[in-house]
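A.B. asks: Each protein sequence line maps, in turn, to chains Z and L. Just so we're aligned, residue 17 is where the first sequence starts under our numbering, counting upward by one. Just so we're aligned, residue 1249 is where the second sequence starts under our numbering, counting upward by one. Each residue gets a CB set at the ideal place from its N, CA and C atoms; glycine is no exception. Got a structure for you, written out below as structure tokens; questions coming shortly.
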Amino acid sequence: MKNKTLPFSVIIIFGIFFFIFYKGLEDSKIYTPDVTTKKEIPVFNTKEFFSGENVKSSRIFELDKVYLLNIWSSWCLPCRQEHPLLMSLNLENKLNIIGMNYKDNLKNAENFLKELGNPYKEIFIDLDGTIAIEWGAYGVPESFLIYNNEIIKKYIGPLNQELVDEINLLIK
Amino acid sequence: MKFLKFFLIVIILFSISSVNAEQNDKRNKITKNLRCLICQGQSVYDSDSEFANSLKIVVDNKLQEGLSEDQIYEYFKIKYGEWILYDPGLNKNTYILWLLPILIFLIGGAIIYKSFIVKK
């Protein structure tokens, strides 16, 4: 009795382990975040960048308009790279670019805009990074394409010409 | 027989789930169960990245708002997906993870039953 069950169960157990590890081989080890989810934008209170006045998110994002929310910071080097692209996108009348200044020193941020130009229609402040978490963001730079208070697409990392072309296509 | 003893020890070792000592602090407990998405192999608790630091503040805020542990996990799951949780729920990707211990337990039980009880 014993002689029969033992080899049999050993084979089954090894079979199960083999199956699991074999299945694991096929899976991608690189985590790719979901970028095309249609999610409602979060509701939050924040401060306006230049005036320091309190603003509600519902006042910034209106229905029936296309917005590009760009998370940026003066200490972030890739933000510096993508900034000229944002300036070029700003020429598109359809698109309202909103800036979220992420964990920044306000003086440095102002100098950053003076040096490279200001593509943003409005800028609000996220001093401790909690608003970025509300948005489901990973860090800086990151951009969200928004229409009717819904996130249409999320761009993690700096924008490049290809992505700018894609945005132009999407908002047409 | 030796194999059986070994097998029993393995089962016992596996069934003692991770030893969670000193988890009195709720925030620490929650942040330890959240994956720092921009760091490799670190929990939010362990990490000192900008992302993790902000996440800790959010957990604090949510606790102050009176959200329960599960509600906070659910909140982050909606924002970042299931990957952010170190303790995943049962779904089609994780069923093996959840069912394997039960399966091993049943097979082990069957072996014990056959070799000890039926023999007598």
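Can you grab the Cα-Cα spacing for the pair Leu-1333 (chain L) / Asn-184 (chain Z), in whole Å?
C.D. replies: The sequence position of residue 1333 (chain L) within the second sequence is 85, counting from 1. The sequence position of residue 184 (chain Z) within the first sequence is 168, counting from 1. Going by the C-alpha atoms only, they are around 36 Å apart.
A.B. asks: Counting only beta-carbon separations shorter than 8 Å, does Val-1267 (chain L) have a partner in chain Z?
C.D. replies: In the second sequence, the residue the question calls residue 1267 (chain L) occupies position 19. Unreliable placement is indicated for Val-1267 (chain L), whose pLDDT of 37 sits below 50; the coordinate value is still reported in the next sentence. Not closer than 8 Å to any Cβ of chain Z, the Cβ of Val-1267 (chain L) fails to qualify, so no.
A.B. asks: Mind checking Trp-88 (chain Z): buried by the 16 CB within 10 Å criterion, or exposed?
C.D. replies: Here residue 88 (chain Z) is taken as the residue at index 72 of the first sequence, counted from 1. So Trp-88 (chain Z) ends up on the buried side.
A.B. asks: To the nearest angstrom, how far is the alpha carbon of Ser-1266 (chain L) from that of Asp-1335 (chain L)?
C.D. replies: Stepping through the second sequence from its first residue, residue 1266 (chain L) is reached at position 18. Stepping through the second sequence from its first residue, residue 1335 (chain L) is reached at position 87. Low local confidence applies: a pLDDT of 41 at Ser-1266 (chain L) is under 50, so the model's placement there is unreliable, and no value is given.
A.B. asks: Assess, as a yes-or-no matter, whether the stretch 124-135 of chain Z is touched by the stretch 1277-1291 of chain L under the definition of 3 or more beta carbon pairs within less than 8 Å.
C.D. replies: With a cut-off of 8 Å, the stretch 124-135 of chain Z and the stretch 1277-1291 of chain L do not count as touching, because too few Cβ pairs lie within range.
A.B. asks: Threshold first: 4 residues or longer. Then list the alpha helix (DSSP H) segments lying entirely within the stretch 73-110 of chain Z, N to C.
C.D. replies: Listed in chain order, they are 73-76 and 93-105.
A.B. asks: Quick check on Gly-173 (chain Z): does DSSP put it in helix, strand or coil?
C.D. replies: As a first step, residue 173 (chain Z) is located in the first sequence; it is residue number 157 there, counting from the start. In this structure, Gly-173 (chain Z) counts as coil in the three-state DSSP scheme.
A.B. asks: The stretch 1306-1322 of chain L: which residues have C-beta closer than 8 Å to a C-beta of chain Z, in chain order?
C.D. replies: Here the close residues are Val-1306 and Asn-1309.
A.B. asks: Identify the contact partners of Ala-240 (chain Z) in chain L, using a Cβ-Cβ distance below 7 Å as the criterion.
C.D. replies: Beyond the ends of chain Z as shown, which are 17 and 188, falls residue 240 (chain Z); an answer cannot be given.
A.B. asks: Looking at the C-beta of Ile-1355 (chain L), does it have a partner C-beta in chain Z at a distance below 8 Å?
C.D. replies: For the purposes of this step, residue 1355 (chain L) is taken as residue 107 along the second sequence, with counting starting at 1. Taking Cβ atoms only, chain Z reaches closer than 8 Å to Ile-1355 (chain L), which makes this a yes.
A.B. asks: Please report the distance separating the alpha-carbon of Glu-150 (chain Z) from that of Lys-1325 (chain L).
C.D. replies: As a first step, residue 150 (chain Z) must be located in the first sequence, where it is residue number 134. As a first step, residue 1325 (chain L) must be located in the second sequence, where it is residue number 77. Approximately 12 Å between the Cα atoms of the pair.
A.B. asks: Please confirm if Phe-1254 (chain L) has its CB atom under 8 Å from at least one CB of chain Z.
C.D. replies: Here the question's residue 1254 (chain L) lines up with position 6 in the second sequence. False, the Cβ-Cβ gap to chain Z never drops below 8 Å.
A.B. asks: Any idea if Lys-170 (chain Z) is buried or exposed, counting beta-carbon neighbours within 10 angstroms, 16 or more meaning buried?
C.D. replies: Position 154 of the first sequence holds residue 170 (chain Z). Under this definition Lys-170 (chain Z) is a buried residue.
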